[in-house]
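Notes for the one structure printed next.
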Amino acid sequence: GYATEIDDGTVPLELEDKAKLAAANCPEFAISIEE
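With the working numbering, the residue at position 17 of the sequence shown is 683, and numbering never jumps.
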C-alpha cells in the first residue's frame, strides 16, 4: 500500500501493535519506528 503519516506521525497506544506489524511487513523497509 501507500501509507503516509498523519500529523506528527505519533501512533496512538491502541494502534502500536498494528504499526509494528506494518513496519515488519514492509518489503522495502520504508517504515521505521522510533521510540
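Cβ coordinates follow ideal geometry from the N, Cα and C atoms, glycine included.
Specify the secondary structure class of residue i as computed by DSSP and reduced to three states.
i	result
D683	helix
A669	coil
A696	coil
Just to confirm, are residue i and residue j a CB contact at a threshold of 9 Å?
i	j	result
A685	V677	yes
Measure the C-alpha to C-alpha separation of residue i and residue j and round it to an integer number of angstroms.
i	j	result
G617	F695	Nothing can be reported for residue 617, as the shown portion of the chain is limited to 667 through 701.
E701	D673	17 Å
A669	C692	10 Å
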